[in-house]
Amino acid sequence: MPPSACCSSDKALISLMEAASTTDDRQTACRCLNLVLQSLNVNIKLAESLSVNCRINLGFTISPSVDCSM
9 MPPSACCSSD
19 KALISLMEAA
29 STTDDRQTAC
39 RCLNLVLQSL
49 NVNIKLAESL
59 SVNCRINLGF
69 TISPSVDCSM
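Start counting at 1 in the sequence shown, then tack on 8, and there's your number in the numbering used here.
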């Protein structure tokens, strides 16, 4: 379970997904998150668990291998 401060910082992810109202917007957000995961030293297991542990629905799995075209 991530610390509460981690879930509090998910507000940025939630805001991003609320602003992504079209399929193209959501795909762009997904690709952006994948680039961040690949370019920073992110703990992939923790990133993948954020949506479940922090109870947010992004519409896709946080993972560097997710297919953003769907």
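Here a beta-carbon is modelled for each residue, glycine too, at the ideal position from N, C-alpha and C. Computed from a predicted structure; not experimentally measured.
Non-local beta-carbon contacts of SER59 in its own chain, meaning distances under 8 Å to residues more than five positions away in sequence, involve ASN65, LEU66, THR69, ILE70 in chain order. Following the DSSP letters along the chain, one finds ALA37 inside the alpha helix (DSSP H) bounded by residues 31–47. Counted as a single uninterrupted DSSP element, the alpha helix (DSSP H) harbouring ILE22 occupies residues 19–27. Taking all protein chains shown into account, MET78 has fewer than 16 neighbouring C-beta atoms within 10 Å of its C-beta and is therefore exposed. Here ARG34 is buried, its C-beta having at least 16 other C-beta atoms within 10 Å.
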